Amino acid sequence: MIHSIIDWWADLSRPAKYGFCLSVLALNAALLLFAGTLWIFGWAVGGVLLVCTFLKVGEE
353 MIHSIIDWWA DLSRPAKYGF CLSVLALNAA LLLFAGTLWI FGWAVGGVLL
403 VCTFLKVGEE
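Start counting the sequence shown at 353; every next residue gets the next number (the working numbering).
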């Protein structure tokens, strides 16, 4: 399963990767704002994917 997720992520274009990362972070912000729930795992996933996209990890 992890291999298929990595393949899916590698096939996305850079704008799609940024969009996905920002949507995960926006979902976390909405949960924090409206439900008062802090979802640490979501912030970590969104942040790590955003940093990896910014640094072009796996694009070589």
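In this text, a Cβ means the ideal position worked out from N, Cα and C, and glycines have one as well.
All figures in this text were calculated on a predicted structure; none of them were measured in a lab.
Status (buried if at least 16 other CB within 10 Å, exposed otherwise) for LEU401
Position 49 of the sequence shown holds residue 401. So LEU401 counts as buried.
Are GLY394 and LEU379 close, meaning C-beta to C-beta below 8 angstroms?
Within the sequence shown, residue 394 is the residue found at index 42, counting from 1. Within the sequence shown, residue 379 is the residue found at index 27, counting from 1. Closer than 8 angstroms, so yes.
For the alpha helix (DSSP H) holding TRP360, just list the boundary residues, first then last.
Here residue 360 corresponds to residue number 8 of the sequence shown, with the count starting at 1. Run containing TRP360: 354 to 363, per the alpha helix (DSSP H) assignment.
Grab the span of the alpha helix (DSSP H) containing GLY388 for me, first residue to last.
For the purposes of this step, residue 388 is taken as residue 36 along the sequence shown, with counting starting at 1. No alpha helix (DSSP H) contains GLY388, which DSSP labels as neither H nor E.
Using C-beta distances below 7 angstroms, list every residue in its chain close to TYR370, excluding the 5 sequence neighbours before and after it, in chain order.
Locating residue 370 in the sequence shown gives position 18, counting from the first residue. Contacts found: THR405.
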